[in-house]
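Here's the structure we're looking at; comments come further down.
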Amino acid sequence: MLHLKGLLGFACVGVWPALEETLAAEVEKQGRSEGRPLVRRRSDSAVGIYVHVPFCARQCPYCDFAVDVRRTIPHREYADALLEEFESRKSALDGRSVRTIYFGGGTPSMWEPSEFRRVLQRLRASVGDDLVEICMEANPVDIRRDPLDAWVDAGVTRLSIGCQSFQPRVLKILNRIHTRDQALAAVELAIEHGPEVVSLDLIFGNPEQTMQEWERDLDVVEGLQGLKHVSAYNLTIEPGTAFSRRVDRGRLSVPDEDRCFDMLERLIERCEAMGFERYEVSNFARPGFRSRHNTLYWTGAEYLGLGVGAHSLCIDSEVGVYRRANPRQTAKYLADPEAADGVEHLSEMEHFIERLFLGIRTREGLDFDEVRHQFVEVIDEDLLRKARAELEGFCVQGFMEARGAVFVPTHKGLNLGDSLAERLAVLGDGV
Ligand code: SF4
Numbered sequence: 001m002l003h004l005k006g007l008l009g010f011a012c013v014g015v016w017p018a019l020e021e022t023l024a025a026e027v028e029k030q031g032r033s034e035g036r037p038l039v040r041r042r043s044d045s046a047v048g049i050y051v052h053v054p055f056c057a058r059q060c061p062y063c064d065f066a067v068d069v070r071r072t073i074p075h076r077e078y079a080d081a082l083l084e085e086f087e088s089r090k091s092a093l094d095g096r097s098v099r100t101i102y103f104g105g106g107t108p109s110m111w112e113p114s115e116f117r118r119v120l121q122r123l124r125a126s127v128g129d130d131l132v133e134i135c136m137e138a139n140p141v142d143i144r145r146d147p148l149d150a151w152v153d154a155g156v157t158r159l160s161i162g163c164q165s166f167q168p169r170v171l172k173i174l175n176r177i178h179t180r181d182q183a184l185a186a187v188e189l190a191i192e193h194g195p196e197v198v199s200l201d202l203i204f205g206n207p208e209q210t211m212q213e214w215e216r217d218l219d220v221v222e223g224l225q226g227l228k229h230v231s232a233y234n235l236t237i238e239p240g241t242a243f244s245r246r247v248d249r250g251r252l253s254v255p256d257e258d259r260c261f262d263m264l265e266r267l268i269e270r271c272e273a274m275g276f277e278r279y280e281v282s283n284f285a286r287p288g289f290r291s292r293h294n295t296l297y298w299t300g301a302e303y304l305g306l307g308v309g310a311h312s313l314c315i316d317s318e319v320g321v322y323r324r325a326n327p328r329q330t331a332k333y334l335a336d337p338e339a340a341d342g343v344e345h346l347s348e349m350e351h352f353i354e355r356l357f358l359g360i361r362t363r364e365g366l367d368f369d370e371v372r373h374q375f376v377e378v379i380d381e382d383l384l385r386k387a388r389a390e391l392e393g394f395c396v397q398g399f400m401e402a403r404g405a406v407f408v409p410t411h412k413g414l415n416l417g418d419s420l421a422e423r424l425a426v427l428g429d430g431v
């Protein structure tokens, strides 16, 4: 399956024994004290919870997520560990408004529905009434009437189905476990009996994939009445994966940039003709059905990540902004679900730049009043002015549109998001 977390690069600066000690040491090192200005939270204090379920039936050759391929899944132990971790870390949600819960993987749909339900019920009981979305990722082979009913009954409002392609040849190259017919039947069943929102994941720019095969995938999407959302990602060859090794040995070729760009153009044209709005680089939604969880990531919200390999972003009133990573190995996580594998402190400047370049990825737009609210005490006024001037320059060049204080990327801006981000990234140089 495909996940936003791939976009949120995270480099641990060390492996520390306990988060509390780490944070205390950080406070000491940074010389922070009460009253020192810090980055503020979003004004609505919105946060999301991400729960990682690492189990997979097989390893896909392009995937570098935290996955655990095994025959026997420790269903109950994993649920117990997640709940233990949540209990020990839930104070990080104090004063926040939890809007979304997202179960990603791995393959959450392989998890025993009764254990899934137990965990979700506990989370829901603890987080208050502000929840607007509960999403889970699913593999087509796991989608049957009984689990669908159980997931909906537990509160799932959105199902994200990892189809990747409907072409037998491409599915084989990707080593996916499902067939074209299984994928199609799963999506149709989910639309009929599943939660309100069904989304499907596709990949383009696959090895040997032709434009005709991509068009046929888009034909399938067009035929799926009731589908609310599509995520379509350009394949990237991640270091350390089987695909990467095959590319290095000259045994695998992927379409060049021009071919991938042509596929992206067709994706945009056809999805828009079907009534989907492109609201992020790789995401398309019917009106009112954008992913709220992923939108939180792009608009400066904190998130609490639970489970194997999960990441968290926290704005702490004493420490400042930090990211935390959980262990990527199931055995290590189960042995001590409360232990972090690494904590990275972000400087105010790093967080500011990251906030800007994530914000320009989505049609939700970058609300500069909100950015000012969060950073006015820690970022120099001249730099805030410079950042705004840069965004206004993007508008003149046709990359963005200004709607009051909100800067919204155009298609051109979304396509050139990485280049625009690079121009924002140098803003802080020399400061
Ligand atoms: S099913 Fe998804 S998470 Fe599991 S190995 Fe394949 S791409 Fe990775």
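Numbering-wise, the sequence shown is residues 1 to 431 according to UniProt numbering. A virtual CB, placed ideally from N, CA and C, is assigned to each residue, including glycine. The structure presented is a predicted model; accordingly, all values stated were derived computationally and were not measured.
The DSSP-derived three-state label of F407 is strand.
Taking a C-beta distance under 7 Å as the contact criterion, E137 and P108 qualify as a contact pair. In the structure shown, H178 falls within a coil segment according to DSSP collapsed to helix, strand and coil. For the region 330-418, the full-length alpha helix (DSSP H) segments reaching 4 residues or more read 330-335, 348-359, 368-375, 381-396 and 411-415 along the chain. Nearest in C-alpha terms to V98, of all of E401, R388 and Y297, is Y297. Excluding five sequence positions before and after I268, the CB atoms of its chain that fall closer than 6 Å to its own CB belong to R278, given in chain order. Looking only at L356, Y233, D418 and E222, the smallest Cα-Cα distance to N283 is reached by Y233. For secondary structure counted as the beta strand (DSSP E) over 3 or more consecutive residues, the region 86-159 holds these complete runs in sequence order: 97-105 and 133-138. Distances from the alpha-carbon of G128 to those of R96, E422, T157 and E280 put R96 closest.
Inter-segment contact for the region 40-51 and the region 296-311 is present: three or more beta-carbon pairs are separated by less than 8 Å. Listed as beta-bridge partners of E277 by DSSP are A285. Boundaries for A310: no beta strand (DSSP E) harbours it, and the DSSP string shows neither H nor E there. With respect to the 7 Å criterion, F352 and I379 are classified as neighbours on the basis of their beta carbons.
Apart from the 5 residues on each side of it in sequence, F276 sits with its Cβ closer than 7 Å to the Cβ of V230, F284, A285 and R286 in its chain, given in chain order.
Using a Cβ distance threshold of 7 Å, F166 and G106 do not count as a contacting pair. With 16 or more neighbouring CB atoms inside 10 Å of its own CB, K228 falls in the buried class. Checking the DSSP bridge columns, you'll see C271 has no partner listed. Taking every protein chain shown into account, the CB of R292 has 16 or more other CB atoms within 10 angstroms, so this residue is buried. By the 16-neighbour rule on beta-carbons within 10 angstroms, Q164 is buried. For L202, the enclosing beta strand (DSSP E) stretches over residues V197 to F204. Here DSSP, grouped into helix, strand and coil, assigns L304 to strand. A Cβ-Cβ separation of about 5 Å places D341 in contact with A325 under the 8 Å criterion. Membership of G223 in the alpha helix (DSSP H) is indicated by the continuous run M211 to G223. When secondary structure is reduced to three states using DSSP, D68 falls in the strand class. Under the DSSP assignment, S244 falls in the alpha helix (DSSP H) whose first and last residues are A242 to D248. Listed as beta-bridge partners of D316 by DSSP are G320. Per DSSP, the unbroken beta strand (DSSP E) holding N234 starts and ends at H229 to N234. For L83, same chain residues with a beta-carbon under 7 Å away, outside a window of 5 residues either side, are V119 and R122 in chain order.
In this structure the region 254-267 does not touch the region 343-352; the number of beta carbon pairs closer than 8 Å is below three. Approximately 4 Å separates the beta-carbon atoms of P37 and E377; this is inside 8 Å, confirming the contact. I237 is bridged by DSSP to nothing; it lacks a bridge partner. Remark: C-beta atoms of E280 and R361 approach each other more closely than 7 Å. Under the three-state reduction of DSSP output, I173 falls in the helix class. At the C-beta level, P255 and G205 come within 7 Å of one another. T295 sits buried, since 16 or more C-beta atoms from the chains shown fall within 10 Å of its C-beta. In the structure shown, C260 falls within a helical segment according to DSSP collapsed to helix, strand and coil.
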